[in-house]
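Enquirer: Below is the structure I would like to discuss, written out as structure tokens.
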Amino acid sequence: MKPMNNAASQIPCQLDPSWKSILECASLEVFEIMAGVRPVLNPDPIEEPSGEQTAMVGLAGALCGMVTIRCSKAVSIKLGSLMLGGDAASSPSIARDALGELCNMVAGNFKAKISNLADHCMLSVPTVITGEDYSMETVEPNEGLTVALTLEGEPIWVALTIHS
Amino acid sequence: MKKLSVLIVDDSSVMRKIVERALRQGGLDLGEVREASNGAEALVEAQKGSLDIILSDINMPVMDGLEFLKNLASVAPAKGVPVVMITTEGSEARVVEALSAGAKGYLRKPFTPEQVKERVTPLLGGSR
């Protein structure tokens, strides 16, 4: 990754409460444009994030942390098929890669919507974790926010965690 | 009318399929669709010639899209072939760098088939 220039130090790297609506908007746009679906926002989720597939993209530079998308395997296959057409995502590896690309685009779309951040924050390549029995922690101190979405009754969790 | 020969460069095979699908959904009549997973592979494909347009990601391992663009200038069979860069980053600096290096346009992910068509069609000249 290229070094960030001095302007990067002028960007606040603490979580701004307004970023939740920006992450919501960034996520919905990506789902709508790339998969042709508009998941429903769930403002008061009662359950904890769950699902066997977690895609993650690292953020480095003015903002350090990660963006994740978590959902069930069935939802990832559905999203992949919508993105690629037909049953293209019936292969687990293609469905995983498609979820990784969605996460990459959500992260990119999110930072593009925050003034000055696009040029000073880089994204890693996507990684996808399969399995539910894990916990993920970012170096302390950290803070984060989660957007809960529902697609045909199935939850999709989009989260931003940053090292503050 | 001549079908388009396209080179799609991206380290993600899924993204290459998405770009091809968007080109078709945008109404472009594709003939040969070649793929490369990084800039180095793309230079080998470009050397073979017969391309109408190249769509390339910027961030890739081995050789990124900007390095690919700089090297493409010395590939005679690809002379005059327009290159559209595709980026997730939304970084103006990267876009300016790509345009300075010879890219004829750029697309920011996420993109619609209509946006792909809008960017690509004006660059095709007599090919389309």
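If you read the protein sequences in the order shown, they are chains A and B.
Per the numbering used here, the first sequence starts with residue 5, numbered consecutively.
Per the numbering used here, the second sequence starts with residue 3, numbered consecutively.
The beta carbon of each residue, even a glycine, is placed where N, CA and C say it ideally should be.
1) Helix, strand or coil for Cys29 (chain A) per DSSP?
2) If we ignore side chains and look at the alpha-carbon of each, how far apart do Met87 (chain A) and Asp31 (chain B) end up?
3) Around the Cβ of Tyr138 (chain A), are there at least 16 other Cβ atoms within 10 angstroms (buried) or fewer (exposed)?
4) Against Leu127 (chain A), what residues of chain B qualify as contacts under a CB-to-CB distance less than 7 Å, listed in chain order?
5) Met126 (chain A) lies in the beta strand (DSSP E); which residues open and close that run?
6) Give the straight-line distance between the Cα atoms of Arg121 (chain B) and Ala122 (chain A), rounded to the nearest whole angstrom.
7) Using only alpha-carbon positions, find the residue among B:Val77, B:Ala100, B:Pro84 that is nearest to Ile10 (chain B).
8) Quick test of your reading: Thr90 (chain B) and Asn108 (chain A), contact by CB under 8 Å. State the CB separation rounded to the nearest angstrom.
9) When you check each C-beta in the stretch 20–38 of chain A against every C-beta of chain B, which residues fall closer than 8 Å?
10) Beta carbons nearer than 9 Å to chain B: which residues of the stretch 75–88 of chain A have them?
11) For the alpha helix (DSSP H) containing Arg36 (chain B), list its first residue and its last residue.
12) Starting from the N-terminal side, write out each stretch of the beta strand (DSSP E) that is 3 residues or longer and does not extend beyond the stretch 109–154 of chain A.
13) What does a CB cutoff of less than 7 Å around Ala30 (chain A) pick up in its chain, not counting 5 residues either side in sequence?
14) Closer than 9 Å by beta-carbon distance: list the chain B residues that pair up with Asn113 (chain A), in chain order.
15) With respect to the beta strand (DSSP E) encompassing Val162 (chain A), which residues constitute its N-terminal and C-terminal limits?
16) Is the beta carbon of Leu19 (chain A) sitting closer than 9 Å to the one on Ser168 (chain A)?
17) Would you report the Cα separation of Lys6 (chain A) and Thr165 (chain A), rounded to the nearest angstrom?
18) Measuring CA to CA, which of B:Ala44, B:Lys81, B:Ala75, B:Leu74 is closest to Val64 (chain B)?
19) So what's Ala103 (chain B) in DSSP terms, helix, strand or just coil?
20) Using the C-alpha atoms, what's the distance from Trp161 (chain A) back to Ser85 (chain A)?
21) Assign Ser52 (chain B) to one of two classes, buried (16 or more other C-beta atoms within 10 Å of its C-beta) or exposed (fewer than that).
22) Please decide whether Ile160 (chain A) counts as near chain B, where near means a Cβ-Cβ distance under 9 Å.
23) Return the chain-ordered ranges of every alpha helix (DSSP H) run that is complete within the stretch 67–115 of chain A and spans a minimum of 4 residues.
24) Please tell me whether Met60 (chain A) has its Cβ less than 9 Å away from any Cβ of chain B.
25) Please list, in chain order, the residues of the stretch 14–33 of chain B that have any C-beta partner in chain A closer than 8 Å.
26) Going by C-alpha to C-alpha distance, which of A:Leu149, A:Gly89, A:Ala78, A:Asn120 sits closest to Arg100 (chain A)?
27) For Lys119 (chain B) and Gly29 (chain B), which I take to be in contact (beta-carbon distance under 8 Å), what is that distance rounded to the nearest angstrom?
28) Across which residues does DSSP place Ala64 (chain A) in a beta bridge pair?
Expert: On the basis of the coordinates in this document:
1) Along the first sequence, one-based indexing puts residue 29 (chain A) at 25. Helix at Cys29 (chain A).
2) Counted from its first residue, the first sequence places residue 87 (chain A) at position 83. Counted from its first residue, the second sequence places residue 31 (chain B) at position 29. The straight-line gap from Cα to Cα measures roughly 20 Å.
3) One-based indexing of the first sequence puts residue 138 (chain A) at position 134. Exposed is the call here.
4) Counted from its first residue, the first sequence places residue 127 (chain A) at position 123. The contacting residues are Thr90, Glu91.
5) Residue 126 (chain A) sits at position 122 when you count from the first residue of the first sequence. Segment 125–127, the beta strand (DSSP E) holding Met126 (chain A).
6) Residue mapping note: residue 121 (chain B) aligns to position 119 of the second sequence, counting from 1. Residue mapping note: residue 122 (chain A) aligns to position 118 of the first sequence, counting from 1. Cα to Cα, Arg121 (chain B) sits roughly 22 Å from Ala122 (chain A).
7) Taking the first residue of the second sequence as 1, we reach residue 10 (chain B) at position 8. Looking at the Cα atoms, B:Pro84 is the closest of the given residues.
8) For this step, residue 90 (chain B) is matched to residue 88 along the second sequence. For this step, residue 108 (chain A) is matched to residue 104 along the first sequence. Their Cβ separation, rounded to whole angstroms, is 5 Å, which keeps Thr90 (chain B) and Asn108 (chain A) in contact under 8 Å.
9) Glu33, Val34, Ile37, Met38
10) Gly84, Met87, Leu88
11) Numbered from 1 along the second sequence, position 34 holds the residue referred to as residue 36 (chain B). It is not in any alpha helix (DSSP H) - Arg36 (chain B) instead sits in the beta strand (DSSP E) that spans 32–38.
12) 125–127, 131–134
13) One-based indexing of the first sequence puts residue 30 (chain A) at position 26. Answer for Ala30 (chain A): Val110, Asn113, Phe114, Lys117, listed in chain order.
14) Numbered from 1 along the first sequence, position 109 holds the residue referred to as residue 113 (chain A). Those within 9 Å of Asn113 (chain A) in chain B are Thr90, Gly92, Arg110, Lys111, Pro112.
15) Looking up residue 162 (chain A) in the first sequence gives position 158. It spans 158–167 - the beta strand (DSSP E) in which Val162 (chain A) sits, taken as one unbroken run.
16) Translated into positions along the first sequence, residue 19 (chain A) becomes position 15. Translated into positions along the first sequence, residue 168 (chain A) becomes position 164. For Leu19 (chain A) and Ser168 (chain A), yes; Cβs fall inside 9 Å.
17) Residue 6 (chain A) sits at position 2 when you count from the first residue of the first sequence. Residue 165 (chain A) sits at position 161 when you count from the first residue of the first sequence. Only weak support is given to the placement of Lys6 (chain A): the predicted model assigns it a pLDDT of 43, under 50, and the question is left unresolved by the model.
18) Along the second sequence, one-based indexing puts residue 64 (chain B) at 62. It is B:Ala44.
19) Indexing the second sequence from 1 puts residue 103 (chain B) at position 101. Looking at Ala103 (chain B) - three-state DSSP - the assignment turns out to be coil, as it is neither helix nor strand.
20) Here residue 85 (chain A) corresponds to residue number 81 of the first sequence, with the count starting at 1. Here residue 161 (chain A) corresponds to residue number 157 of the first sequence, with the count starting at 1. If I take the Cα positions, the gap works out to 19 Å.
21) Locating residue 52 (chain B) in the second sequence gives position 50, counting from the first residue. Flag for Ser52 (chain B) reads exposed.
22) Counting from 1 along the first sequence, the entry for residue 160 (chain A) is found at position 156. So, not an interface residue.
23) 77–88
24) Reading the first sequence from its first residue, position 56 is the one you call residue 60 (chain A). Judged by the 9 Å Cβ criterion, Met60 (chain A) is not in contact with chain B.
25) Ser14, Ser15, Val16, Met17, Lys19, Ile20, Arg23
26) Locating residue 100 (chain A) in the first sequence gives position 96, counting from the first residue. Minimum Cα distance to Arg100 (chain A) is reached at A:Ala78.
27) Taking the second sequence and counting its residues from 1, one reaches residue 119 (chain B) at position 117. Taking the second sequence and counting its residues from 1, one reaches residue 29 (chain B) at position 27. 6 Å between Cβ atoms; contact.
28) Counting from one through the first sequence, the residue named residue 64 (chain A) turns up at place 60. Answer is A:Met126.
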